[in-house]
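Residues in the sequence shown are numbered from 11 upward in steps of one, following the numbering used here. No residue lacks a Cβ here, since even glycine has one placed at the ideal position from N, Cα and C. A quick write-up on the structure given underneath.
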Amino acid sequence: MPKGTYYFPEHFLWGTATAAAQVEGRNQNSTWYAWEKEEGRIVNSDSAQVACDWWSGRWREDFDRAQAANQNAHRLSIAWSRIQPEPDRWDEDALDRYREMLTGLVSRKMTPMVTLHHFSEPLWVAEMGGWENEAIPDLFAAFVRKAVEALMPYCNLWVTINEPNVFAYGAYLEGNFPPGKQDLKTAVGVMAQMVRAHARAYHTIHELQPESRVGIALNVRGFKPATWSPLDKLAAKIYSNLFNEAFPKALKDGVYQPFLRKEQIPEAAGTQDFLGINYYTNELLRFNPFAGGGMFATGSFPKNTALSESGDIANIPMGLAESVVWGNKFGVPMIITENGIDDSKDAIRPRYLAEHLHALWKVMNGNYPVEGYFHWTLVDNFEWERGWSQRFGLWELDLETQARIKRPSAELYAEICRTNGISADAVEKYAPDAMPALFP
Ligand code: BGC
11 MPKGTYYFPE HFLWGTATAA AQVEGRNQNS TWYAWEKEEG RIVNSDSAQV ACDWWSGRWR
71 EDFDRAQAAN QNAHRLSIAW SRIQPEPDRW DEDALDRYRE MLTGLVSRKM TPMVTLHHFS
131 EPLWVAEMGG WENEAIPDLF AAFVRKAVEA LMPYCNLWVT INEPNVFAYG AYLEGNFPPG
191 KQDLKTAVGV MAQMVRAHAR AYHTIHELQP ESRVGIALNV RGFKPATWSP LDKLAAKIYS
251 NLFNEAFPKA LKDGVYQPFL RKEQIPEAAG TQDFLGINYY TNELLRFNPF AGGGMFATGS
311 FPKNTALSES GDIANIPMGL AESVVWGNKF GVPMIITENG IDDSKDAIRP RYLAEHLHAL
371 WKVMNGNYPV EGYFHWTLVD NFEWERGWSQ RFGLWELDLE TQARIKRPSA ELYAEICRTN
431 GISADAVEKY APDAMPALFP
């Protein structure tokens with residue numbers, strides 16, 4: 011096959027994604043601050059109290075890195091717990107700090123995308139019952155109004171809630187995120203609250219900024235039956251419905267319908283200007299009534315698939331293309347808001363990156379509307395209950411010294427962003443093991 015370049019459309023967004031609680035450090039008002047203090051909650055009792063030290067200003071050097079690496083966009087989140095540390099107090103200094111960060115992006119010619127909820131809330135919200143509190147859509151909307159009023163001069167691309175599915179199930183079913191509950195019915199109810207909160211936020215943002223574009227970032231995980239068994243097929247269908255489908259469907263037609271439940275949430279209909287897709291991996295499911303936690307299947311990865319360092323992610327590039335084909339049914343453009351792999355040695359990341367982007371390029375040639383790609387993540391960050399045990403950065407972080415060390419994947423991604431495409435030269439140089447799949 012001749013050597014060439016797979017080009018992406020003009021104005022395609024190329025960036026990385028980050029989240030406040032994972033990079034900022036020094037926040038004592040958030041649910042994760044209290045959570046990491048509890049015995050046994052975080053692997054190795056790791057802490058996010060310094061993290062990548064963005065709150066002391068290191069975002070500047072990291073944005074410089076991203077800019078020098080030809081990225082033209084960045085997705086970050088802002089912490090509700092900083093902006094509203096108490097129910098009746100807004101912290102103007104925190105808003106100023108975020109203004110600075112966003113102008114920092116704009117002045118570096120990078121389009122900002124801002125996430126308003128990424129897995130954490132103020133402690134006072136948790137004390138009032140968190141996402142089980144009936145008033146949460148109102149509380150969230152008040153915060154969104156304040157934040158968007160302050161930040162709309164610099165941003166018009168908003169993600170209301172990051173991965174409502176991962177959050178609701180992590181915090182209320184698996185119990186590995188605060189508040190650590192383990193009840194399927196509660197988790198399903200929390201998702202309904204998140205649909206309402208999203209709808210309130212969507213309407214609030216559009217009222218303030220009519221030209222804004224507002225969506226969610228959904229974790230899309232393709233569930234496939236592990237065998238021909240009808241029970242495995244049924245398990246895959248139910249998991250897909252609960253995890254992938256129920257939330258974005260409610261934002262399309264105002265009907266929240268997880269499995270056997272059906273609820274009208276009319277204010278949510280038509281509240282999605284784009285669908286953000288966070289894709290990491292697909293999974294095979296085998297029916298197992300003893301799976302525990304109210305669930306009824308066990309997962310695995312297809313045989314002979316390369317796995318990430320922790321074994322949590324399998325390299326299945328076609329899954330990204332499949333998620334785009336699936337996402338198209340919601341009738342709005344899509345943005346890949348996260349995609350990446352834990353790999354401290356950068357042993358598999360270059361290939362994962364090249365192969366996933368190639369799969370994306372292929373599906374986009376079928377005219378599926380995708381406007382951008384944000385790699386997870388810029389610099390190694392605090393990976394929630396997994397602490398620092400998983401390393402997703404294009405740059406390695408030395409936690410002792412705060413030094414950043416460039417991984418080869420960062421060079422590959424910089425070439426992709428620079429050329430707006432995947433060239434054979436770049437793949438040959440940085441991800442030679444992806445050559446057979448990309449340039450046979
Ligand atoms: C989350 C990120 C997280 C990443 C890798 C996604 O589910 O949105 O916050 O760090 O996965 O674990």
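Range covered by the beta strand (DSSP E) that runs through residue i
i    : result
N172 : 167-172
Y16  : 15-17
T347 : 344-348
I432 : 431-433
T121 : 121-127
T26  : 23-27
K234 : 233-235
Y108 : Premise fails: Y108 lies in the alpha helix (DSSP H), 102-117, not in any beta strand (DSSP E).
V380 : 380-385
I226 : 223-229
W42  : Here W42 belongs to no beta strand (DSSP E); instead the alpha helix (DSSP H) covers 41-47.
L86  : 83-87
N- and C-terminal bounds of the alpha helix (DSSP H) containing residue i
i    : result
K259 : 256-263
R414 : That residue, R414, is in no alpha helix (DSSP H); its beta strand (DSSP E) goes 414-416.
F73  : 69-78
V373 : 359-374
V335 : 328-337
L133 : 133-137
S91  : 90-93
A447 : 445-448
L244 : 240-249
Exposed unless 16 or more other CB atoms sit within 10 angstroms - verdict on residue i
i    : result
Y362 : buried
E173 : buried
H368 : buried
N377 : exposed
F300 : exposed
F187 : buried
S239 : exposed
S87  : buried
F297 : buried
F129 : buried
D74  : exposed
H366 : buried
R231 : buried
F402 : buried
D103 : exposed
G329 : buried
K259 : buried
H21  : exposed
T411 : exposed
Q203 : buried
E255 : buried
Residue closest to residue i, alpha-carbon to alpha-carbon, out of the options
i    : options                : result
R118 : A79, D98, W90          : A79
E416 : E137, S91, K47, S354   : Looking at the sequence shown, residue 416 is not Glu but Lys. The residue with the shortest Cα to Cα distance from K416 is S354.
F257 : V135, Q219, E49, A209  : A209
L228 : V169, N288, Q282       : N288
Y17  : T429, E46, A307        : T429
I146 : A207, W398, H127, M201 : A207
G180 : A211, A307, Y164, V198 : V198
E71  : K439, E425, L407, A444 : L407
A152 : M111, A413, W100, H128 : W100
G185 : G303, L244, A157, V230 : G303
R414 : A61, A245, E293, E46   : A61
T237 : E217, H385, S310       : S310
I226 : G280, I275, K243, L295 : G280
H216 : A44, P235, G50, C165   : C165
W141 : E159, V169, N175       : N175
D56  : W64, A44, T196         : A44
Y249 : E221, E393, A307       : A307
E319 : A424, S399, F449       : S399
Supposed close pair residue i, residue j - CB separation, criterion 8 Å
i    : j    : result
P360 : P446 : That belief does not hold up - the Cβ atoms of P360 and P446 are roughly 14 Å apart, past 8 Å.
A89  : N37  : 6 Å
E131 : T15  : That belief does not hold up - the Cβ atoms of E131 and T15 are roughly 44 Å apart, past 8 Å.
A364 : V437 : 5 Å
L422 : A441 : 6 Å
G25  : R68  : The pair is not a contact, with the Cβ atoms about 18 Å apart (cut-off 8 Å).
A211 : L112 : About 18 Å; that fails the 8 Å criterion.
L161 : D242 : Actually they are not in contact, since the Cβ atoms of L161 and D242 sit about 46 Å apart, beyond 8 Å.
V380 : I346 : 7 Å
P343 : F253 : Not confirmed; about 22 Å, so no contact.
A324 : P312 : 7 Å
Minimum Cβ-Cβ distance from residue i to chain B less than 8 Å
i   : result
A44 : The displayed structure is made up of one protein chain only, and chain B is not part of it.
Inset, instruction - Pick out the complete alpha helix (DSSP H) segments inside the stretch 252-317, 4 residues or longer, and give them in chain order. - result: The stretch 252-317 contains these whole alpha helix (DSSP H) runs: 256-263.
Legend entry - Within the stretch 140-198, ranges of the beta strand (DSSP E) (whole runs, at least 3 residues): Within the stretch 140-198, the complete beta strand (DSSP E) segments of 3 residues or longer fall at 167-172, listed in chain order.
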